[in-house]
Amino acid sequence: MKDSIDVKSSSGSYKVSVGRSIFKQAVQQIKQTHSFKECFLFVDENVWIYHQEQITDAFHQAGYTFQYQVIPEGEQSKTVSQWKKLVDYLLRSGVRRNTPLFAIGGGVTGDLSGFVASATMRGIPLVHIPTTLLAMVDSSVGGKTGVNHKTGKNLIGSFYQPLEVVADLDFLETLPSREWQNGLSEILKYGAIRDKQIIERSTFFLEEDRTPARHPELTQLVLDCAQIKARVVEKDEFEAGTRAHLNFGHTFAHAMEKAADFSKLSHGEAVYLGMLAAIHLSNLTGTGSALDDTPLRKFRNLYSFKITGESLNISALLQTMKRDKKVVDDNYRFILLHDWQQPAVVTVTNDDLIEKAWLTIRKELS
Ligand SMILES: NC(=O)c1ccc[n+]([C@@H]2O[C@H](COP(=O)([O-])OP(=O)(O)OC[C@H]3O[C@@H](n4cnc5c(N)ncnc54)[C@H](O)[C@@H]3O)[C@@H](O)[C@H]2O)c1
């Protein structure tokens, strides 16, 4: 099964294909359509361990000559020094303006490679092959690229749209269980801000008897989420307004992740908690009225937190939130809900309300 959507952007439109066992054929089609003979692959370390043969076969069979780099796994690869190393590598290896770069991995590989592609020779063609659920439903669509700075996440980067995105669900067969939560949290986010069916359709993640990678509903769900992201970013490519709705739960989440040193709490766990906190803050600020968090709470058992609420103190969280890119004029800016599927950008001036919302969900952390 294969299906695709088109994403319009200021630099042209691109296709996002989602399906099972579509990778090999997609590489062949890209080769035929764009007639590049050579290409570069930047591949996530773990993806290379599990899928090296499949990847190299696909590029050989398509008739490509390729050179590759393995990207060390994890957030620590999203640095200026790693970015510089990869730009150096491409330039020393004879990259030309039209040589495509295939980014094969999760959001880390995609964000880093995208930033490399956008800067090298002022932009070389980029193809995203997302291999995590999060990258399939979120990071590979929309053109945000970048690396982290010691003062915060994703503070250095660019908007750079890919030539194409190919999400082959076969890659997910090797995805560790903790990584599924990262994608699920973003899926639930789309449900909360756009389409309540998405939350209901995600309940198959609660089934214990089979891996979600093989669930028949997964392909359509991934495609529909990529579609939601596509429609949002098409309307607001450079985040001047409604694209910020995609940050629902993320102001709290980024602060929690930072306070937990980016190690004791995964992004997905933090986003899940952040969405619950945002629902409570919606009620406390009067943005929403008596919103019930049950639709998200159903998924609580899928998250096992390894950190205690006491270890994340509110003053550290508030301080981090202040430094967030989303802060305007020193006030905290949150994405809250008027109602389910009715997000709004809300400036919150009263720290006490933020603290109350945080205290309500802190007990989730045992
Ligand atoms: N650009 C955007 O719009 C955007 C949106 C959301 C998140 N992000 C960024 O995405 C990053 C997170 O992405 P992620 O959750 O994909 O993390 P990730 O890229 O770090 O991958 C998670 C882990 O899964 C491993 N992995 C990847 N694919 C695998 C596979 N098929 N089988 C086995 N292991 C596999 C990786 O080695 C890594 O250990 C963050 O840096 C975040 O800032 C970007």
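Counting from 986, one number per residue, gives the positions in the sequence shown under my numbering.
Don't be surprised by glycine CBs; every beta carbon is placed ideally from N, CA and C.
- Message: With three or more beta-carbon pairs closer than 8 Å as the criterion, would you say the region 1258-1266 touches the region 1341-1351?
- Response: yes
- Check: A1102 C-beta below 7 Å from any heavy atom of ligand 1: no
- Task: Identify the continuous alpha helix (DSSP H) that holds L1261 and give its terminal residues.
- Result: H1252 to T1270
- Hey, out of L1071, H1252 and Y1074, whose CA is closest to E1164's CA? H1252
- Item | For H1239 and D1336, the rounded distance between their alpha carbons | 17 Å
- Item | Nearest-angstrom beta carbon gap, T1305 and N1316 [assumed within contact, 8 Å] | That belief does not hold up - the Cβ atoms of N1316 and T1305 are roughly 15 Å apart, past 8 Å.
- Name the one or two DSSP bridge partners that H1134 has. G1137
- Kindly identify the DSSP beta-bridge partner or partners of R1318. T1332
- Query: Does ligand 1 have a heavy atom nearer than 7 Å to the CB of E1185?
  - Reply: no
- Query: alpha helix (DSSP H) containing K1243: first to last residue?
  - Reply: H1235 to A1244
- Query: Can you pull the DSSP bridge partners for K1000?
  - Reply: D991 and E1149
- Item | Cα-Cα separation, D1155 to G1168 | 16 Å
- What runs of the beta strand (DSSP E), each 3 residues or longer, lie entirely inside the region 1042-1090? 1050-1056 and 1086-1090
- Item | Burial state of S1002 (16 or more Cβ within 10 Å) | buried
- Message: Buried or exposed, going by whether 16 or more other CB atoms sit within 10 Å of the CB of N1083?
- Response: exposed
- Taking Q1039 as the reference, which of Q1010, F1025 and K1016 has the closest Cα? Q1010
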